[in-house]
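Numbering (my numbering), first residue to last: 12 to 260.
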């Protein structure tokens with residue numbers, strides 16, 4: 012009997028499962044040493060790419076499932092250890108670690124290193140979820156657990172589902188991207204509502220004003236309740252108090 016004809020008689024969900032199983036099985040044997048960039052819509056299914064994505068999801072979830080209550084730190088990779096933001100991130104991560112939080116970051120430099128350093132020096136769990144880039148993004152030396160991804164979107168899923176609180180220090184485009192993705196997921200109820208803390212009023216106040224004045228008042232493109240999805244604080248004490256009060260897991 013022709014297997015393809017047999018598959019055609021199956022429900023679409025079963026056909027999809029079979030195609031996925033076939034792609035993963037084939038892809039496992041054909042992952043290239045240097046995967047080509049995906050720059051446009053593919054003309055065929057790359058089995059190795061599906062396998063690689065699936066394996067990253069499985070291994071990533073395996074890492075984050077090891078920890079109970081956790082806090083994810085975001086912020087600039089360019090911040091230096093002598094800066095106020097770096098020192099504040101170290102201090103907050105240390106206090107949260109001592110309170111039983113695992114600290115999760117992107118595993119590299121700047122605020123990521125600061126968060127991991129605070130947890131590591133406090134004797135807590137310090138996790139780095141890094142990304143493989145053409146310009147090497149090294150691991151910082153303060154990790155007790157780590158995993159490196161090839162796909163940004165898989166890494167972002169892990170960072171999104173890993174924690175009971177998300178802490179944002181000043182950063183660049185990547186930090187803002189991660190901030191807006193998290194509040195959009197909460198707004199649309201794709202993830203449960205958790206505390207989203209923005210540390211540093213001098214940095215976040217202008218973005219806050221834009222959201223309130225332009226998105227809410229001028230364009231009516233968000234609801235008034237969306238303003239409450241995040242909370243701005245100015246120092247470590249305020250951040251720790253807010254997190255301690257509002258993390259309910």
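Just so it is clear, CB atoms sit at the ideal spot from N, CA and C, and this is done for glycine as well.
Asked: What separation, rounded to the nearest whole angstrom, lies between the Cα atoms of residue 44 and residue 84?; Found: 32 Å
Asked: Put residue 137 into one of helix, strand or coil per three-state DSSP.; Found: strand
Asked: For residue 157, which three-state DSSP category applies?; Found: strand
Asked: Exposed or buried, what is residue 109 when buried is set at 16 or more other beta-carbons lying within 10 Å of its beta-carbon?; Found: exposed
Asked: If you follow the beta strand (DSSP E) that residue 178 is part of, which residue opens it and which one closes it?; Found: 176-179
Asked: At a threshold of 8 Å, does residue 79 count as lining the ligand GTP (C-beta to nearest heavy atom)?; Found: Because no ligand of any kind appears in the structure shown, any question about the ligand GTP cannot be addressed here.
Asked: Output the distance between the C-alpha atoms of residue 201 and residue 194, rounded to the nearest integer angstrom.; Found: 10 Å
Asked: Assess contact between the stretch 101-108 and the stretch 129-148, defined as three or more Cβ pairs (one per stretch) separated by less than 8 Å. Is contact present?; Found: yes
Asked: Under 9 Å between the Cβ atoms of residue 211 and residue 99?; Found: yes
Asked: Under 9 Å, do residue 166 and residue 140 count as touching if we go by C-beta distance?; Found: yes
Asked: With residue 88 as the anchor, note down where its alpha helix (DSSP H) starts and where it stops.; Found: That residue, residue 88, is in no alpha helix (DSSP H); it is neither H nor E in DSSP.
Asked: If you pair each beta-carbon of the stretch 147-155 with each one of the stretch 166-180, do three or more pairs fall below 8 Å?; Found: no
Asked: Of the choices 158, 142 and 80, whose alpha-carbon is the least far from that of residue 177?; Found: 80
Asked: If we count the other Cβ atoms within 10 Å of its Cβ and call it buried at 16 or more, is residue 255 buried or exposed?; Found: exposed
Asked: So what does DSSP say about residue 227, is it helix, strand or coil?; Found: helix
Asked: Buried or exposed for residue 206, please, with buried defined as at least 16 other CB atoms from any protein chain shown within 10 angstroms of its CB.; Found: buried
Asked: Spatial neighbours of residue 198 within its chain, please: CB distance less than 7 Å, with the 5 preceding and 5 following residues excluded, ordered by chain position.; Found: 237 and 240
Asked: Distance, Cα to Cα, residue 95 vs residue 253?; Found: 20 Å
Asked: Grab me the residues of residue 179's own chain with a C-beta within less than 6 Å of its C-beta, minus the 5 sequence neighbours each way, in chain order.; Found: 85, 190 and 209
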